[in-house]
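K.L.:
Numbering (mature numbering (1 follows the signal peptide of the UniProt record, and there is no 0)), first residue to last: -26 to -1, 1 to 305.
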Ligand code: HEM
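#1: So what does DSSP say about residue 175, is it helix, strand or coil?
#2: When burial is assigned at 16 or more other CB atoms within 10 Å of the CB, is residue 143 buried or exposed?
#3: Between the C-alpha atoms of residue 145 and residue 257, what's the straight-line distance to the nearest angstrom?
#4: Near residue 25, what residues of its chain come up, given a Cβ to Cβ distance below 6 Å and the 5 sequence neighbours on each side ignored?
#5: To the nearest angstrom, how far is the alpha carbon of residue 118 from that of residue 277?
#6: Is any heavy atom in ligand 1 found nearer than 8 Å to the beta carbon of residue 273?
#7: Using 8 Å as the cut-off, classify the Cβ of residue 152 as near or not near the heavy atoms of ligand 1, replying yes or no.
#8: Should residue 245 go down as buried or exposed, given a rule of 16 or more other Cβ atoms within 10 Å for buried?
#9: Have a look at 30, 47, 41 and flag the residue whose alpha-carbon is nearest the alpha-carbon of residue 288.
#10: Quick one: using the 10 Å Cβ neighbour count with 16 as the cut-off for buried, is residue 306 buried or exposed?
#11: How would you label residue 74, buried or exposed, when you count the other beta carbons within 10 angstroms and need 16 or more for buried?
#12: Span of the beta strand (DSSP E) holding residue 26?
#13: Take residue 93 and list the residues in its own chain whose beta-carbon comes closer than 8 Å to its own, dropping the five residues that flank it on each side.
#14: Is the CB-CB distance between residue 51 and residue 299 below 9 Å?
#15: Less than 8 Å separating the Cβ of residue 136 from some heavy atom of ligand 1?
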């Protein structure tokens, strides 16, 4: 049968669209809620702005949730599910337990969004939007967030234990974990720049302060006066939960000082300092470029967080739009 040419074009276009939607992330887009929830970005931003008044750290905590969500089964809000009969929560996995925070603020955002547009906006998209607002409210870049993710019906606690990088596992392993989700060395360095704000607990870097790798001495890549400050904050046999700023120069601002800190041996986590202090590593020149050019850092950061946000989203009729981010609908 010979198809008339217009019909042929319609069929061909439909076929192409279907093929694309199955093989790429082309289906996330910046205007996904333009008709169904046009003010969603403003609603998210307002709740975060309000929360920042009493908790200067909350933006940092929220972007970290997006990261820990996307590295486990993709950006599907799996990190937000509480324990239940069928769910072993990712919140209890080692990288998250007594560490990730901001879940109440996510719930507040969800409530405000549901009041404006019931049943429309996914929790996974709320995390992506919260990451953007958190960065821009802290003085960093703004960008158009790609949207259209849907929420998972499951969590993957084991995946959270194995896929999220640890600060003490070494640059090669961390690079491999980024690569496993399709992110490259440039993404690793740019996204590590999120440690320009927020806090870390002594237990996450005390390995560097007294007996690094069983040498009986501190990590030689720690600036000596910074070492003394950190030893005062984190005494031996002190509390492992005491907090230190990830960026000792501008604690709550989103800027490129993180990279200058690395050049001055003032990276807080082992995984931070290794980006600059691992001899021969491709990461060194990227650190140098971001340190000397904040615009270059901001541009790369935006591209890389979009790349991270594109990790295996649920779209179309997969997953669901959760009504309560903490639980699967109907459970
Ligand atoms: C490269 C591998 C990474 C490692 C090993 C790592 C590790 C850590 C650790 C150990 C903490 C402190 C947690 C605590 O003490 O409770 C932390 C905090 C933080 N991380 Fe990362 N991280 C990495 C990448 C990232 C990425 C890609 C982002 C976001 C794009 C990010 C954003 C943050 C933020 C903002 C905080 C502070 C959170 C707060 O104050 O609540 N990190 N990270």
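All C-beta atoms in this analysis are idealised placements derived from N, C-alpha and C, irrespective of residue type, glycine included.
P.N.:
Reading it off the structure:
#1: Of the three classes helix, strand and coil, the one that applies to residue 175 here is strand, per DSSP.
#2: Residue 143 sits exposed, since fewer than 16 C-beta atoms from the chains shown fall within 10 Å of its C-beta.
#3: Cα-Cα distance, rounded: 10 Å.
#4: So the list reads 32, 79, once near-sequence residues are dropped.
#5: C-alpha separation (whole angstroms): 11 Å.
#6: Relative to ligand 1, residue 273 has its C-beta separated by 8 Å or more from all heavy atoms.
#7: Result yes, Cβ under 8 Å from ligand 1.
#8: Taking all protein chains in view, the Cβ of residue 245 is crowded by 16 or more other Cβ atoms within 10 Å, so the residue is classified as buried.
#9: Comparing Cα-Cα distances from residue 288 to each of 30, 47, 41, the minimum goes to 47.
#10: No answer is possible for residue 306: the residues shown for the chain start at -26 and end at 305.
#11: Residue 74 counts as buried, since at least 16 other C-beta atoms from the protein chains shown sit within 10 angstroms of its C-beta.
#12: From DSSP, residue 26 is part of no beta strand (DSSP E) but of the alpha helix (DSSP H) over 14 to 28.
#13: Excluding positions up to five away in sequence, the list reads 295, 297.
#14: For residue 51 and residue 299, yes; Cβs fall inside 9 Å.
#15: No - ligand 1 has no heavy atom lying nearer than 8 Å to the Cβ of residue 136.
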